[in-house]
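According to the numbering used here, the sequence shown is numbered sequentially starting from 12. First the structure, in the form of structure tokens, and then the observations on it.
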Amino acid sequence: MRDVPPDVVLGRGCLIDDNVILGARPGRPLRHPTLRLGRRAIVRSGSVLYAGSQVGDGFETGHNVVVREDNAIGTDVKVWNNSVIDYGCVIGDRVKIHSNCYVAQFTTIEDDVFIAPGVSLANDPHPGSATHLCMRGPTIKAGAQIGMNATVLPFVVVGERSLVGAGAVVTRDVPPGMVVVGNPARVLKPVSEVMCPLDLARGEYLEATERTT
């Protein structure tokens with residue numbers, strides 16, 4: 012990789028591939044234009060990290076990841092291939108965002124959240140409006156898991172240690188510890204009743220979330 016730009020601060024032990032852009036400039040002024048990456052970050056080829064974000068230790072990307080400006084990202088966060096984190100988001104520790112995901116502006120993701128491939132988190136209740144004053148992404152509470160190709164609409168709160176089923180469209184808040192499925196998403200059962208389909212484990216989902224809290 013070429014020399015690090017002056018407004019990019021890298022922690023010790025970072026591994027930055029070739030064909031990575033660090034400190035890309037957005038088309039608007041920034042209050043804090045420095046991009047800070049914590050220790051032991053791994054940023055793979057094709058990825059673009061904009062100026063003005065603060066990223067904790069142990070950050071890792073797949074290929075072709077975009078992290079926009081004004082984001083606060085915690086420790087040990089993984090973002091896999093072709094995913095986008097738009098600007099103004101707050102992301103906690105030990106979060107995994109899988110491939111082909113979109114995290115809209117002003118989304119909050121708390122600690123120990125898992126987001127499966129193809130998930131979209133939306134932030135605009137009336138797209139195309141001239142005003143952006145009421146744009147706000149969803150809040151994903153600690154330990155929640157969101158299944159493949161689910162969509163979570165603006166202002167929605169996904170409760171702690173809840174589970175959103177694959178392909179669900181979440182239009183209203185999800186109670187803590189519950190499974191929701193469908194379009195629009197509805198409560199199916201408590202996560203404590205989620206069992207292994209091969210009967211190899213009992214309550215596997217609940218046990219996994221307990222280990223991360």
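Here a beta-carbon is modelled for each residue, glycine too, at the ideal position from N, C-alpha and C.
Own chain residues within Cβ distance below 8 Å of residue i, not counting five before or after
{"i": "D104", "result": "G67, G85, T86, D87, V88, D122 and D123"}
{"i": "V37", "result": "The sequence given here places Pro at residue 37; Val does not occur at that position. Cβ neighbours of P37 beyond the five flanking positions: Y61, A62, G63, R79, E80 and Y98."}
{"i": "G188", "result": "G170, E171, R172, S173, P201, V202 and S203"}
Beta-carbon contacts of residue i that lie in its chain and below 6 Å, excluding the five residues immediately before and after
{"i": "K107", "result": "K89 and F125"}
{"i": "H74", "result": "R55, S56, G57 and N92"}
{"i": "L199", "result": "V190 and V192"}
{"i": "L26", "result": "I53"}
{"i": "T224", "result": "Residue placement at T224 cannot be trusted, given a pLDDT of 47 that sits under 50; the coordinates are not used to answer."}
{"i": "A115", "result": "D97, L132, A133, N134 and G148"}
Simplified DSSP assignment, three categories, for residue i
{"i": "V15", "result": "coil"}
{"i": "S203", "result": "helix"}
{"i": "V34", "result": "With the sequence shown as reference, residue 34 is identified as Gly, and Val is not the correct amino acid for it. It is a strand residue."}
{"i": "M189", "result": "strand"}
{"i": "V76", "result": "coil"}
{"i": "S131", "result": "strand"}
{"i": "A161", "result": "coil"}
{"i": "F117", "result": "coil"}
{"i": "K152", "result": "coil"}
Sheet register partners of residue i (DSSP bridge)
{"i": "Y61", "result": "A35"}
{"i": "E71", "result": "I53 and K89"}
{"i": "F166", "result": "None, per the DSSP bridge assignment."}
Open item on the list: Is it the case that the region 12-22 contacts the region 36-53, given that we only count it when at least three CB pairs across the two stretches are under 8 Å?
Closed with: Yes, the region 36-53 touches the region 12-22.
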